[in-house]
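Here is the structure we will look at.
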Amino acid sequence: MSATLATHEQPLRPDLDQGLGRAGRVGFAAIVAAAIGYVGYSIYLDASAAGVQTLAILPFILLFIALMIALGFEFVNGFHDTANAVATVIYTNAMPAHVAVVWSGFFNFLGVLLSTGVVAFSIVSLLPVELILQVGSTAGFAMVFALLIAAIIWNLATWWLGIPSSSSHTLIGSIIGVGVANAIMHGKSGTAGVDWSKAAEIGQALLFSPLIGFGLAALLFLAAKLLIRNKALYQEPKDGLPPPLWIRALLIFTCTGVSFAHGSNDGQKGMGLIMLILIGTVPTAYALNRAVPARYAAEFHANAQRASAALHDAPGNALSVVDARKAVTAYIADKNYQPTTKPAMAVLVRDIDRQVAGYGSLAKVPAAAVENVRNDMYLASEGLKRLGKEKAAGLSDGEKAAIGTYKASLDAGTRFIPTWVKVAVAIALGLGTMVGWKRIVVTVGEKIGKSHLTYAQGASAELVAMGTIFAADQLGLPVSTTHVLSSGVAGTMAANRSGLQMSTIRNLVMAWVLTLPVSIVLAGALYMIFSALI
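Take any residue in the sequence shown, note its place counting from 1, add 4, and you have its number in this note's numbering.
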């Protein structure tokens with residue numbers, strides 16, 4: 005992984021060793037301590053408000069361990085992915101290194117805090133449905149511990165080697181590993197517990213993200229050389245001099261945009277997993293959204309009636325609620341539509357409506373019934389999501405709309421993010437961005453090309469990275485910004501005929517190819533071990 009710049013008179017290397025200083029380190033430690041206290045106090049308040057006996061120690065010990073692992077993943081994610089935002093501004097002298105990482109950390113923090121939370125549960129829906137329904141069991145804890153620890157291990161390994169790789173793809177690979185291991189342990193085929201269509205999307209992203217970054221950044225750089233006749237933009241920075249004001253502003257803007265988008269996107273994945281942990285350990289407080297508005301129950305009933313009609317529910321529907329749950333669970337797990345699927349869904353919709361109406365509101369659901377109500381609502385939501393795309397179901401556009409509206413009501417009652425969870429994830433990701441960043445920043449800034457990064461190269465690569473992550477968020481595409489930026493720098497080097505350091509390129513490609521299989525094997529093995537131990 006070591007390499008030297010090819011130029012004889014090398015430009016002054018940015019100062020990468022200026023840390024936060026004593027005051028910064030004290031402030032860092034104080035924020036960590038305050039965040040842990042804030043999380044503990046928030047859980048205590050939520051549990052007390054829900055009537056949970058907070059003197060029961062064991063569940064809260066497990067909760068604390070699980071939360072620390074989840075927040076640890078976000079912390080590692082922060083410093084692992086910092087290079088996406090700061091490498092170009094540091095190596096073009098647009099910002100000093102110690103200022104850039106604090107700047108990036110702050111906007112990562114804001115990105116998490118201001119995120120909508122809409123995609124927080126998308127990562128959860130990739131997990132095997134039977135494990136989600138039993139998240140409070142030993143199997144549920146084994147699942148959460150396995151996938152998070154596997155993702156942390158691979159992120160730390162690639163960070164140690166200074167290789168920028170995708171944290172999102174690592175986490176998704178870990179989820180696939182848990183699904184495969186769970187299926188094998190229950191005597192099923194290893195393919196039964198995995199959404200392979202999603203896995204194929206991720207595989208395509210691993211293939212196309214580098215090509216997108218390389219091609220677009222190279223084209224943008226060549227277009228700039230053609231249209232902007234300023235020699236200083238295409239020369240190596242001299243003696244730490246910053247770029248011209250307008251390109252410096254552009255570089256800082258793209259650094260800010262990538263940081264904010266990274267926080268809003270990657271932070272939400274952590275939120276969804278933390279909510280899964282909370283639901284498993286303190287279901288009374290977190291399984292159902294007790295803060296829904298007063299009108300929720302009436303709107304829920306009306307939406308349930310319309311969904312029931314859209315499913316052609318008939319008075320003679322003889323399926324029991326127990327059989328309906330089994331049929332819907334099997335449909336979600338196996339993705340195999342049966343003649344009983346729609347009637348089973350209708351029975352489940354009717355039974356959930358009866359339960360919510362009987363209690364009057366989600367806040368009044370007794371502790372003993374909370375988990376069952378939440379599981380039924382989750383099952384119905386996941387089943388309706390798949391049923392709405394099922395051609396064999398023969399649903400009209402109006403019926404699909406009715407089902408979609410009812411699904412939104414279900415999600416409003418079960419898929420919510422408390423403010424303190426957002427704050428905790430924001431702090432973990434933001435603080436992580438400010439430490440441990442040097443290894444991967446050096447790789448991106450020095451070891452991809454054979455010459456120092458120029459102002460125009462940095463701007464082209466970062467602009468493509470920012471545009472890609474925002475486009476991916478809007479279109480729901482699993483594109484890796486890490487891959488786009490690293491390959492974008494390579495693209496500008498190739499376009500400028502600066503030459504590439506092939507040893508680094510080989511390491512990058514090897515890590516990207518291995519991300520999915522290694523995380524799958526790691527998570528699957530850990531899940532089997534934890535299932536036997538817990």
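Even glycine gets a Cβ: it sits at the ideal position worked out from N, Cα and C.
query: Pair within 8 Å by beta-carbon distance, residue 97 and residue 244; result: yes
query: Three CB pairs or more closer than 8 Å across the region 101 to 117 and the region 262 to 276; result: yes
query: Runs of alpha helix (DSSP H) wholly within the region 342 to 428 (minimum 4 residues, chain order); result: 345 to 363, 371 to 391 and 401 to 418
query: Residues that residue 453 bridges to, as DSSP identifies them; result: 504
query: Start and end residues, alpha helix (DSSP H) containing residue 28; result: 25 to 53
query: Coarse secondary structure for residue 553, derived from DSSP in three states; result: Since the first residue of the chain shown is 5 and the last is 538, residue 553 is not available in this structure.
query: Per-residue burial, residue 242 [other beta carbons within 10 Å of its own, 16 or more giving buried]; result: exposed
query: Distance between residue 530 and residue 148 (C-alpha atoms, nearest Å); result: 10 Å
query: Residue range of the unbroken alpha helix (DSSP H) whose run includes residue 135; result: 133 to 137
query: Residues of its chain near residue 430, where Cβ-Cβ distance is below 6 Å and the 5 sequence neighbours each way are ignored; result: 113, 116 and 117
query: Three or more C-beta pairs below 8 Å linking the region 168 to 183 and the region 126 to 133; result: yes
query: Chain B within 8 Å of residue 39, Cβ atoms only; result: Considering every chain present, this structure includes no chain B. It has just one protein chain.
query: Residues of its chain near residue 304, where Cβ-Cβ distance is below 6 Å and the 5 sequence neighbours each way are ignored; result: 360 and 413
query: Cβ neighbours of residue 388 in the same chain (closer than 6 Å, five flanking residues each side left out); result: 407 and 411
query: Neighbour-count burial assignment, residue 26, 16 or more Cβ in a 10 Å radius; result: exposed
query: Buried or exposed by the 16-neighbour rule on C-beta atoms within 10 Å, applied to residue 456; result: buried
query: Contact check, residue 281 vs residue 74, beta carbons under 8 Å; result: yes
query: Beta carbon of residue 512 nearer than 8 Å to that of residue 157; result: no
query: Residue 464 vs residue 225 beta-carbon contact at 8 Å; result: yes
query: Inter-stretch contact (C-beta, 8 Å, three-pair minimum) for the region 436 to 455 and the region 170 to 181; result: no
query: Inter-residue CB distance, residue 438 and residue 109 (contact presumed, cutoff 8 Å); result: 4 Å
query: Cβ neighbour criterion (16 or more within 10 Å) applied to residue 19; result: exposed
query: Segment contact, 8 Å Cβ cut-off, at least three pairs: the region 37 to 55 with the region 420 to 429; result: yes
query: Contact between the region 84 to 92 and the region 61 to 72 (3+ Cβ pairs under 8 Å); result: no
query: Residue 256 - DSSP class collapsed to helix/strand/coil; result: helix
query: DSSP-derived helix/strand/coil call for residue 21; result: coil
query: Beta carbon of residue 391 nearer than 8 Å to that of residue 352; result: no
query: CB contact flag (residue 527, residue 79, <8 Å); result: no
query: C-beta contact flag for residue 170 and residue 484 at 8 Å; result: yes
query: Local Cβ density within 10 Å of residue 506, reported as buried at 16 or more and exposed below that; result: exposed
query: Host alpha helix (DSSP H) of residue 338 (start-end); result: 325 to 338
query: Straight-line Cα distance separating residue 381 from residue 53; result: 23 Å
query: For residue 236 and residue 143, the rounded distance between their alpha carbons; result: 60 Å
query: Beta carbon of residue 249 nearer than 8 Å to that of residue 462; result: no
query: Segment limits, alpha helix (DSSP H) that includes residue 314; result: 300 to 314
query: Top-ranked residue by Cα proximity to residue 367, from 298, 518, 326 and 473; result: 298
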